[in-house]
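Enquirer: The structure's right below; bear with me while I get my questions together.
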Amino acid sequence: MLSQPPHAKRGVMQEQAVNRFYSDERTRGRVRGAINEYLGFFDESNGGSVKARQAGYTTMINHYYDLVTDFYEHGWAKSFHFAPRFKGESFAASLARSEHSFALKLGLKPGMKVLDVGCGVGGPMRSIARFSGATIEGVNNNDYQLSKVQQYNEEAGLASRCSGFKGDFMNLQVPDENYDAAYAFEATCHAPDKAGVFEEIHRTLKPGGLFAAYEWCMTSKFDPKSAEHLQTKKGIEEGDSLPDIASIPETLDALRAAGFEVLESHDAAGTCDPETPWYLPLVGETESLMSLRRGRPGRFLARRTIRTLEALRIAPKGSTEVSRMLGAAAESLIKGGELGIFTPNYFFLARRPTR
178 MLSQPPHAKR
188 GVMQEQAVNR
198 FYSDERTRGR
208 VRGAINEYLG
218 FFDESNGGSV
228 KARQAGYTTM
238 INHYYDLVTD
248 FYEHGWAKSF
258 HFAPRFKGES
268 FAASLARSEH
278 SFALKLGLKP
288 GMKVLDVGCG
298 VGGPMRSIAR
308 FSGATIEGVN
318 NNDYQLSKVQ
328 QYNEEAGLAS
338 RCSGFKGDFM
348 NLQVPDENYD
358 AAYAFEATCH
368 APDKAGVFEE
378 IHRTLKPGGL
388 FAAYEWCMTS
398 KFDPKSAEHL
408 QTKKGIEEGD
418 SLPDIASIPE
428 TLDALRAAGF
438 EVLESHDAAG
448 TCDPETPWYL
458 PLVGETESLM
468 SLRRGRPGRF
478 LARRTIRTLE
488 ALRIAPKGST
498 EVSRMLGAAA
508 ESLIKGGELG
518 IFTPNYFFLA
528 RRPTR
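All residue numbers for the sequence shown refer to the working numbering, where the first residue is 178 and numbers rise by one.
This is how it looks when you write it as structure tokens:
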């Protein structure tokens with residue numbers, strides 16, 4: 178009997194993985210309860226707008242991560258961010274290198290207390306803690322993700338130095354001057370007010386404390402008069418739960434308005450080799466099953482399988498819409514990258530001034 182070619186085997190494995198994913202009743206419940214309200218924030222014919230998303234950002238973001246966290250882990254593992262990448266470097270290696278570079282930029286070492294702003298399920302937290310020896314606290318407003326943070330920290334043997342707490346990064350319930358350093362991986366883009374979230378981070382840092390981040394920004398190539406550019410921007414916002422994507426100057430102005438000194442800033446996505454643009458994982462690669470899931474072939478297979486499971490009432494109603502939403506977001510991200518109008522990796526290093 179002839180063996181299946183590698184791509185066929187991977188397709189079968191992908192379908193099996195999606196079936197296992199939807200055997201979890203918790204997953205079905207999250208999707209069932211959140212999809213319609215989330216999409217309403219972006220339905221302009223029914224009151225959806227930037228102002229509505231800013232006003233309801235807590236509900237919007239919680240619904241979003243209730244919907245997509247399992248999808249993200251299914252295709253992205255536990256570090257939910259992009260990274261500049263070199264030719265010949267795996268996607269996983271590029272993520273780890275970026276996370277370790279943050280630790281070096283911040284000068285992290287054992288005994289330091291660090292804030293992870295919008296920690297997701299804690300992938301960067303654990304990577305940076307292992308690399309630096311620092312103690313890291315992650316703020317997250319989503320209960321489901323926080324339960325995963327605790328589980329994964331314990332499994333990694335890092336619960337003594339890594340933890341998560343529930344909170345709104347616009348109103349952190351922590352003392353002034355509480356942290357030696359802070360970082361954010363593509364998280365503060367969810368804030369309804371850039372200066373406001375930066376002010377909270379500034380408040381919680383000790384004088385002289387450093388803050389490093391990757392920020393999602395529209396670049397100078399973005400033309401607000403271009404229908405294609407506007408459609409691409411809206412697709413990213415809807416698919417990634419963003420009130421509005423700021424420009425690079427707006428982001429830097431917000432940092433300074435919050436009281437920070439900007440020490441470094443550049444578009445790290447521009448350091449990718451031409452063969453490995455930041456959006457390559459969304460286009461599709463064949464290095465592993467995980468890379469297949471992330472790319473176009475994986476999204477196609479997943480959408481086909483999910484549609485069947487929803488028709489059979491195995492997957493909850495709305496699952497196909499979540500898959501469609503994430504697929505559309507991926508295509509918008511790819512388009513934004515190809516046009517050069519969007520970056521997920523605008524890097525800055527800022528400092529709270531000393532007294």
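The beta-carbon is built from N, C-alpha and C at its ideal position, and this holds for glycine as well. From a predicted model like this one, the values you see are computed outputs, not experimental measurements.
Can you name, in chain order, every residue of its own chain whose Cβ lies under 6 Å from the Cβ of SER180, other than the five neighbours on each side?
Expert: Annotation note: pLDDT 44 at SER180 (below 50); position unreliable, no value reported.
Enquirer: Answer yes or no: do VAL294 and ALA361 have a C-beta to C-beta separation smaller than 8 Å?
Expert: Yes. Within cutoff.
Enquirer: Does the separation of the CB atoms of PRO384 and ARG529 fall below 8 Å?
Expert: Contact: yes.
Enquirer: Within 10 angstroms of the Cβ of THR357, are there 16 or more other Cβ atoms? Answer buried if so, exposed if not.
Expert: In the sequence as displayed, the identity of residue 357 is Asp instead of Thr. Buried, because 16 or more other Cβ atoms sit within 10 Å of the Cβ of ASP357.
Enquirer: Could you please give the first and the last residue of the uninterrupted alpha helix (DSSP H) stretch that includes TYR329?
Expert: That run of the alpha helix (DSSP H) goes 320–332.
Enquirer: Once the 5 residues before and after THR428 are set aside, which same chain residues still bring their CB inside 8 Å of it?
Expert: Taken in chain order, the residues that qualify are LYS371, GLU392, CYS394, TYR523 and PHE525.
Enquirer: Would you call the CB atoms of GLY299 and GLY315 closer than 8 Å?
Expert: Against a cut-off of 8 Å, the Cβ pair of GLY315 and GLY299 comes out as a contact.
Enquirer: Taking contact to mean 3 or more Cβ pairs, one atom from each stretch, closer than 8 Å, check whether the segment 253–266 and the segment 436–454 are in contact.
Expert: Yes: the two stretches touch, three or more of their Cβ pairs being nearer than 8 Å.
Enquirer: Roughly how many whole angstroms lie between the Cα atoms of VAL195 and THR246?
Expert: A caution first: VAL195 carries a pLDDT of 44, below 50, which makes its placement in the model unreliable, though a value can still be read off. Those two C-alpha atoms are separated by around 14 Å.
Enquirer: Kindly give me the distance between the Cβ atoms of THR409 and ILE305, rounded to whole angstroms, as I take these residues to be in contact under 8 Å.
Expert: Actually they are not in contact, since the Cβ atoms of THR409 and ILE305 sit about 32 Å apart, beyond 8 Å.
Enquirer: As a quick exercise: from SER309, PHE342 and ARG303, pick the residue whose alpha carbon is nearest that of GLU331.
Expert: Per the Cα distances, ARG303.
Enquirer: What separation, rounded to the nearest whole angstrom, lies between the Cα atoms of LEU320 and TYR241?
Expert: Correcting the residue type first, residue 320 is Asp in the shown sequence and not Leu. Spanning the two alpha carbons is a distance of roughly 12 Å.
Enquirer: Among residues of its own chain, excluding the 5 on either side of ARG532, which ones have a beta-carbon nearer than 8 Å to its beta-carbon?
Expert: These residues qualify, in order along the chain: PRO384.
Enquirer: Between which residues of its own chain and HIS379 is the CB-CB distance below 8 Å, once the five residues before and five after are set aside?
Expert: Counting only Cβ-Cβ distances below 8 Å, and skipping sequence neighbours, we find PHE388, ALA435, GLY436, PHE437 and ARG529.
Enquirer: Classify ALA389 as helix, strand or coil using the three-state DSSP reduction.
Expert: Note: ALA389 maps to strand in three-state DSSP.
Enquirer: Using the Cα positions of SER533 and LEU457, report the straight-line distance between them to the nearest angstrom.
Expert: Since the displayed the chain opens at 178 and closes at 532, residue 533 lies outside it and no answer follows.
Enquirer: Is ARG338 buried or exposed, if buried means 16 or more other CB atoms sit within 10 Å of its CB?
Expert: With 16 or more other Cβ atoms within 10 Å, it is buried.
Enquirer: If you measure between the beta carbons of GLY292 and THR381, is that distance less than 8 Å?
Expert: Reading the sequence as shown, one finds Leu at residue 292 and not Gly. Yes, the Cβ-Cβ distance between LEU292 and THR381 is below 8 Å.
Enquirer: For SER340, collect the residues of the same chain with a Cβ closer than 8 Å to its Cβ; drop the 5 residues on either side in sequence, then sort them by chain order.
Expert: Only ILE313, GLU314, GLY315, VAL326, GLN327 and ASN330 meet the Cβ criterion.
Enquirer: Please name the residue or residues paired with CYS394 in a DSSP beta bridge.
Expert: Per DSSP, THR520.
Enquirer: Give the range of the alpha helix (DSSP H) segment to which THR409 is assigned.
Expert: Residues 404–417.
Enquirer: Does the separation of the CB atoms of ALA506 and GLY386 fall below 8 Å?
Expert: For ALA506 and GLY386, no; Cβs fall outside 8 Å.
Enquirer: Would you mind reading off the limits of the alpha helix (DSSP H) that contains LYS282?
Expert: Note, LYS282: alpha helix (DSSP H), 268–283.
Enquirer: Mapping DSSP to helix, strand and coil, what is GLY252?
Expert: Of the three classes helix, strand and coil, the one that applies to GLY252 here is helix, per DSSP.
Enquirer: Return the Cβ separation of GLU155 and LEU335 in integer angstroms, given the expectation that the two are a contact with Cβ distance under 8 Å.
Expert: The question about residue 155 has no answer here: the residues shown for the chain are numbered 178 through 532.
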